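Yeah, the sequence shown ends on 1274 if you go by our numbering, and it's all consecutive. Ideal Cβ placement from N, Cα and C applies to all residues, glycine included. Note that this is a predicted model, so its numbers are computed, not measured. Since the structure comes first, as structure tokens, the remarks are kept for the end.
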Amino acid sequence: MKPNSGTLVINIMNGGKAEAYEGVYQCTARNERGAAISNNIVIRPSRSPLWTKEKLEPNHVREGDSLVLHCRPPVGLPPPIIFWMDNAFQRLPQSERVSQGLNGDLYFSNVQPEDTREDYICYARFNHTQTIQQKQPISVKVFSTKPVTERQPILLTPTGSTSTKVELRGNVLLLECIAAGLPTPVIRWIKEGGELPVNRTFFENFKKTLKIIDVSEADSGNYKCIARNMLGSVHHVISVTVKAAPYWITAPRNLVLSPGEDGTLICRANGNPKPNISWFANGVPIAIAPEDPSRKVDGDTIIFSHVQERSSAVYQCNASNEYGYLLANAFVNVLAEPPRVLTPANKLYQVIADSPALLDCAYFGSPKPEIEWFKGVKGSILRGNEYVFHDNGTLEIPVAQKDSTGTYTCVARNELGKVQNEVRLEVKDPTMIIKQPEYKVIQRYGQVSFECIIRHDSTLLPTVIWLKDNDELPDDERFLVGKDNLTIMNVTDKDDGTYTCIVNTTLDSVSASAVLTVVAAPPTPAIIYARPNPPFDLELTGQLERSVELSWIPGDENNSPIRNFVIEYEDGLHEPGVWHYQTEVPGTQTTVQLKLSPYVNYSFRVIAVNEIGRSQPSEPSEQYLTKSANPDENPSNVQGIGSEPDNLVITWESLKGFQSNGPGLQYKVSWRQKDVDDEWTSVIVANVSKYIVSGTPTFVPYEIKVQALNDLGYAPEPSEVIGHSGEDLPMVAPGNVQVHVINSTLAKVHWDPVPLKTVRGHLQGYKVYYWKVQSLSRRSRRHVEKKILTFRGNKTFGMLPGLEPYSSYKLNVRVVNGKGEGPASPDKVFKTPEGVPSSPSFLKITNPTLDSLTLEWGSPTHPNGVLTSYILKFQPINNTHELGPLVEIRIPANESSLILKNLNYSTRYKFYFNAQTSVGSGSQITEEAVTIMDEGKMAGILRPAVGAGKGYSEILFATSPVMHTVRPTFYKVQPLYPRIRNVTTAAAETYANISWEYEGPDHANFYVEYGVAGSKEDWKKEIVNGSRSFFVLKGLTPGTAYKVRVGAEGLSGFRSSEDVFETGPAMASRQIDIATQGWFIGLMCAVALLILILLIVCFIRRNKGGKYPVKEKEDAHADPEIQPMKEDDGTFGEYSDAEDHKPLKKGSRTPSDRTVKKEDSDDSLVDYGEGVNGQFNEDGSFIGQYSGKKEKEPAEGNESSEAPSPVNAMNSFV
């Protein structure tokens, strides 16, 4: 135990075991007056036991099932903190699906393939011993089964439907519910029959833990947690009981009694259960303590009657229940003391007249003394309403007057004696401002003065402070503060404001304010304001190595005061003829001390500035060359970046001329490899800004420093910077590439990060190359268009947006550093599931009759899966544009037309048509048509009806008798005309082209409305200028599905049907298109030029009568008819050279304009030329004998059905 102290020190640093001191300690302090005891102090040594060895089997779990990984940490003192990490000491991510329970176990509501790993490790951290224990790694392997079965929630913890929880008052209540299920359940908490306490309730661990702080008995009750997903819900009720360790209501207090007095000690405490109260006297239970006839115990109260001095003791009250105890000491001091006055004698009190005065008389005595006050030595006792007597002995004079000044005597007396003390009171005259500052209006550049004359008590020392707008006066020589006034010289507009005079003494403070208004002086035509004349007579004095004094004479102000002078310098040694800013001084100053740099040939000039502007520069001063010195500074922006894998390029910003401080400026470049015990390698280079170190290892850190030196020596030691030698391409590809298809247009790709040593450079991120191999619905390959997504940093996963449904894709991953990309990982194949189809490509309604209509349609441009059927809905529209009953028909997917019969004559019908896959229905298109009124009148303009066996399906539906006799219920719709149809979109990453067809009155004003598909947000509206039938939507978000529709202003709000489109994915970059490369464009231009030259030569030879191959063949055959095309090689036969244009084979003839129409002959020459325009010479012969007729094949993919030509060849690359 420390000497003269009650502190017990237990030191085991020099030997001994902590277990030897384990136990319960209590301190007792004792003197002749009694004994006081402390609370029990429990000492227990901290423990951090090791994990028991156990054999952990791998957990094989089916995708979607729940899983619990048990931690079961060793029991320590205090309990450890539990957390889960992996082998790389990275915390395992937690979410609503995966979370850690209060007991340390790791709960999976449902497992996913990405949960497969072999390093689930539970750690226990024992903070007191600063140790961390690790459990053996747990392996989890998730196997997939298709499809994954969704399950309604079940509770993993707690089990059963009810449980109980006991918590102590004032503690934190933690209730936990963790549920399994697929989709992941959401947890909600309620209190049965009440509300959760406001401001004390918190939700943790993704709402799986309910936390209530500072609980009280009112928080007892039933708490229900509800776990819910789309398949159902489950709940658990936790019955909470709040108990309470004892807490004070009234703790016993020390009691000072005089002999013969009575008193009580009260000890009241509460708790749940109710605590027991027990009394001790000097540490001994009161039942066996020495008897005291003046003492009586009554439960939680001790009553003292007619105490004597021997009754002094220390009493302890103990309130305890099963959850704890309270212990309080109370000293009962039976004391007989004569009065004592604690206030210092002759203490002086000073107050201002008409303010209150408080005179202290602090006292002590037992029994409690009585206090009396007297004025003067022999004055009478003070009584009356003009005085207030406080219980602590203080005398208060509420309104002190000048005649209250004097000596006051305080007398304290009890039965053991009396004592008195004198204090003095001085009442001072108040401080007053007898002449206050007044409102002033002053012209600009004038002078103004504010008065502040005061009167104060002669014994007080006043201080006067002036403020402007409640702030200090500006630090300006124009403000002059006198004894009784404030004067402002040369007033400007900035001086406008409120000025306050404040007078302070040690006892009081007074103030007064006045406003100053500055107005412009009346214009005086005779005064001309101009820029000042330049200063003159510049003189240098006091020349030192690093400073010089410059003086000058100001020029004429030209009626506008000079505000400041600007000093500039010229360095005749390094930059002759270039003037630099040096400093500036106020306009009242004509000398300045200038700081100089070494090795500079200085010249100075001065420019005066007033409100009008700047003067011309003065004549330069004499030159002053400062002495050379060592450089004061080193180069800045030192960097080390390799340009090749085996070098290090060190760069810096060179010092400017005047920074060299002397001739012979050079740089000492030093480097050494970081974290390697190497010596510095140094080299001195000329005044350059770069040095290249060769033969370095690839991408290793270097410490670099660059120091300036000149002929006189070195600059101070420079600071070191870290650089890296050159990068090289990464060595390995990312491994374990996995793809998780989220939906038909989105997939998530995972990969393992490459070791940092193999990156061989600054890791910039990863690139994912992905491309569509083929569509699973059409089974047709197309031109491979690779896309690239870049993921910055050390990310190990990414999202692939904008995929096409029901397609097969490939991807690979590459790591990227500053040098470029590493090798690609093996291609990974994945497939997207089916989606909903796009709308049918068209819907035509033809062949109207009295009771039938024929419908024809085209399959969706993007089926996005296997079509299962078409859905046709239609309903009649009456003359008031009301809709009748809706009829729905399902049509097989292999049909492309339909005949509807038994319709009402002369009736308009509205049709809704869409396609379906197994996923659902796609967007629909609408059309309207009318059955005819008079079949005889319509017969002349309608096409012949197509009969049976022509590829049409007939749907017969009979109308009921009710439909013929009773008018059906109709619903209001917009009129048929005007209408907007065939809304089409072409989307890019951030914009989309919208086009449509319009039928109706002219001069319609269109608008386009759009929004995010599936969103409940309001439509956004864009106005289309003029009557155009197209519009470009800009500022769209990449990889987002949008809905769009078109409307017309002023036409009863008519709009088109909605269309859905999706913008391209973000950060996806296309492969380089060869047609955009300069070398290819140049090559094609050269080819085209050669062909043009060839044609010109042929034309010249033709005019001269020469013959080229085609002409020679014409001359060799005199047959007037053109020979038929050869069947074996597809080349043309001979051509007639006759001027009378003899007929071609098969009886076809050329028209008068010498063109051949394709409709006139199946063997038209248009089919054989380059492109679609067959070119003829003046004599009718075909010039382009370059290719034969090619059989027509349907275009597929990017192929063209036209014959090859240079133009088409170029287009095929584009």
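Distance CB(residue i)-CB(residue j) smaller than 8 Å
i      : j      : result
Gln824 : Gly878 : yes
Val297 : Asp279 : no
Asp274 : Gly230 : yes
Gly425 : Pro398 : yes
Thr850 : Lys870 : no
Lys808 : Tyr829 : no
Asp692 : Ala775 : yes
Ile667 : Pro677 : yes
Trp612 : Thr560 : no
Pro7   : Ala388 : Missing from the structure shown is residue 7; the chain here goes from 61 to 1274 and no further.
Gln496 : Cys512 : yes
Thr940 : Val801 : no
Ser56  : Tyr662 : The structure shown does not extend to residue 56, since the chain is modelled only from 61 to 1274, so the question has no answer here.
Thr741 : Asp706 : no
Ala953 : Tyr930 : yes
Val294 : Ala239 : yes
Gly821 : Asp771 : no
Lys961 : Ser912 : yes
Outcome for residue i when other beta-carbon atoms lying within 10 angstroms are tallied against a minimum of 16
i       : result
Lys655  : exposed
Pro723  : exposed
Ala89   : exposed
Tyr1070 : buried
Pro790  : buried
His784  : buried
Ser867  : buried
Pro695  : buried
Ile1153 : exposed
Glu599  : exposed
Gly944  : buried
Leu408  : exposed
Tyr1168 : With a pLDDT of only 41 at Tyr1168, under the threshold of 50, the placement of this residue in the model should not be trusted, and no figure is reported.
Val889  : exposed
Thr224  : exposed
Pro883  : exposed
Val1267 : Below a pLDDT of 50, predicted positions are generally treated as unreliable, and Val1267, at 33, falls in that range; no measurement from the model is reported.
Contacts around residue i, its chain only, beta-carbon distance under 6 Å, and the 5 residues preceding and following it disregarded
i      : result
Glu780 : Glu763 and Lys765
Val524 : Val563
Val669 : Arg623 and Asn624
Ser106 : Leu137, His188 and Thr189
Thr909 : none
Same chain only: Cβ atoms within 8 Å of residue i, ignoring 5 sequence neighbours per side
i      : result
Pro920 : Pro897, Ser898, Ser899, Pro900, Ser901, Leu927, Ala975 and Gly982
Lys500 : Val508, Phe510, Ala574, Val575, Leu576 and Thr577
Chain-order list of residues whose beta-carbon lies under 7 Å from that of residue i (same chain, five-residue window excluded)
i      : result
Leu854 : Looking at the sequence shown, residue 854 is not Leu but Asn. Hits under 7 Å: Pro813 and Leu823.
Asn796 : Trp811 and Asp812
Asp597 : Trp612 and Ile613
Nearest-angstrom beta carbon gap, residue j and residue i [assumed within contact, 8 Å]
i       : j       : result
Ile363  : Tyr375  : The Cβ separation is near 12 Å, so there is no contact.
Lys206  : His120  : With a Cβ gap of about 17 Å, Lys206 and His120 do not count as contacting.
Tyr1067 : Glu1082 : 6 Å
Glu82   : Arg104  : 6 Å
Asp358  : Ile337  : Their Cβ separation, rounded to whole angstroms, is 11 Å, which puts Asp358 and Ile337 out of contact at 8 Å.
Residue i beta carbon near the ligand PLP (any heavy atom closer than 7 Å)
i      : result
Ser675 : The ligand PLP is not part of this structure, which contains no ligands at all.
Check your understanding: Counting pairs of Cβ atoms below 8 Å between the stretch 138 to 150 and the stretch 166 to 186, do you hit three or more?
Key -> yes
Review point. Quick check: the stretch 201 to 217 against the stretch 285 to 300, are there 3 or more CB pairs under 8 Å?
Key: yes
Check your understanding: Given 8 Å as the limit, is there contact between the stretch 149 to 162 and the stretch 262 to 276, that is, 3 or more CB pairs closer than that?
Key -> yes
Check your understanding: Is there contact between the stretch 1089 to 1104 and the stretch 1045 to 1062, where contact requires at least three CB pairs shorter than 8 Å?
Key -> yes
**Study point:** Any 3 or more C-beta pairs closer than 8 Å across the stretch 344 to 351 and the stretch 420 to 436
**Key:** no
Exercise for review: Mind the definition here: the stretch 441 to 457 touches the stretch 531 to 548 only if three or more C-beta pairs lie below 8 Å; say whether that holds.
Suggested key: no
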